[in-house]
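Chemist:
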Amino acid sequence: MLEALVDADGVEIINFDFVNLIGMQLEPCNDTKAEVDVHIKQDAEECHTYSFKVVIDAIQYNKSQFWTP
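My numbering numbers the first residue of the sequence shown as 20 and each following residue consecutively.
1) Within this structure, are the beta carbons of GLU54 and VAL74 separated by less than 7 Å?
2) Residues in the same chain with beta-carbon distance under 6 Å from VAL25, minus the five sequence neighbours each way, listed in chain order, please.
3) Grab me the residues of SER83's own chain with a C-beta within less than 8 Å of its C-beta, minus the 5 sequence neighbours each way, in chain order.
4) When DSSP labels each residue in this structure, what does ASN39 get in the three-state scheme?
5) To which residues of the same chain is HIS58 closer than 6 Å at the C-beta, ignoring the five residues directly before and after it?
6) Going by DSSP in three states, ASN49 sits in which element: helix, strand or coil?
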């Protein structure tokens, strides 16, 4: 689970989750599709605009601490 967007009281109002991109190896010059689930909770205010930015951190596979030759 990714970080949630919270209101001023710390109540989670939107949750985010990557469905199919975690741990995937991407090849150079190729495209891939990723799915991000966004769950807007009941505590979100009506008639409000919520903004968020998605940042994807990537690492070269052989530079990862989890890589073994």
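Heads up, the beta-carbon is just placed ideally off N, CA and C, and yes, glycines get one too.
These numbers were taken from a predicted model, which means no experiment stands behind them.
Modeler: A quick look at the data gives this:
1) Between GLU54 and VAL74, the gap from beta carbon to beta carbon reaches 7 Å or more.
2) If we look at VAL25 and ignore the five residues flanking it on each side, its Cβ neighbours are GLU31.
3) Once the five neighbours on either side are set aside, SER83 has no close Cβ partner at all.
4) ASN39: coil per DSSP, three-state reduction.
5) In the same chain as HIS58, and ignoring 5 residues on each side of it, the C-beta atoms closer than 6 Å to its own belong to ASN34, in chain order.
6) DSSP places ASN49 in coil when its eight states are reduced to three.
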